[in-house]
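Those letters in the sequence shown? Residues 1 to 88, by the UniProt record's numbering. Below is one structure; the comments refer to it alone.
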Amino acid sequence: MGAIAELSARLAFDADDREWMLEAKCLDADPEAFFPEKGGSTREAKRICTACPVRDECLEFALSNDERFGIWGGLSERERRRAKRLTA
Numbered sequence: 001m002g003a004i005a006e007l008s009a010r011l012a013f014d015a016d017d018r019e020w021m022l023e024a025k026c027l028d029a030d031p032e033a034f035f036p037e038k039g040g041s042t043r044e045a046k047r048i049c050t051a052c053p054v055r056d057e058c059l060e061f062a063l064s065n066d067e068r069f070g071i072w073g074g075l076s077e078r079e080r081r082r083a084k085r086l087t088a
């Protein structure tokens with residue numbers, strides 16, 4: 001399943017618990033920026049996350065759901081793993 005299709009499927013699941021996603025800045029952005037190819041730039045996605053009003057909720061969602069791909073809450077997979085270790 002492609003990154004865009006996977007994200008769409010995840011957004012549709014438990015939509016009531018994810019109303020915060022409707023305020024996300026990434027909804028108006030190119031989804032490919034949030035799921036770059038290995039070695040690709042994450043700069044654009046992180047720039048969008050910086051101005052996002054639901055950045056904290058997004059990061060919390062990614063950490064609690066063990067998201068392994070993409071930029072969530074302004075952090076890459078590696079950065080989320082590091083954050084999770086530091087809070088454990």
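For each residue, glycine too, the CB sits at the ideal point set by N, CA and C. None of these values were measured; they are calculated from a predicted model.
Residue range of the alpha helix (DSSP H) that includes residue i
i, result
"D66", "Counting along the chain, D66 falls outside any alpha helix (DSSP H), and DSSP gives it neither H nor E."
"A45", "R43 to T50"
Inter-residue spacing [alpha-carbon to alpha-carbon] between residue i and residue j
i, j, result
"D66", "E57", "14 Å"
"S41", "P31", "13 Å"
"R43", "E19", "26 Å"
"E79", "F69", "11 Å"
"L27", "F35", "14 Å"
"residue 89", "E77", "Nothing in the structure corresponds to residue 89, since the chain is present only between 1 and 88."
Beta-bridge pairing of residue i - partner residues as DSSP gives them
i, result
"W72", "L75"
Nearest-angstrom Cβ-Cβ length linking residue i and residue j, presumed shorter than 8 Å
i, j, result
"residue 122", "K38", "The chain is shown from 1 up to 88; residue 122 falls before or after that span and cannot be answered."
"K84", "I48", "Not confirmed; about 22 Å, so no contact."
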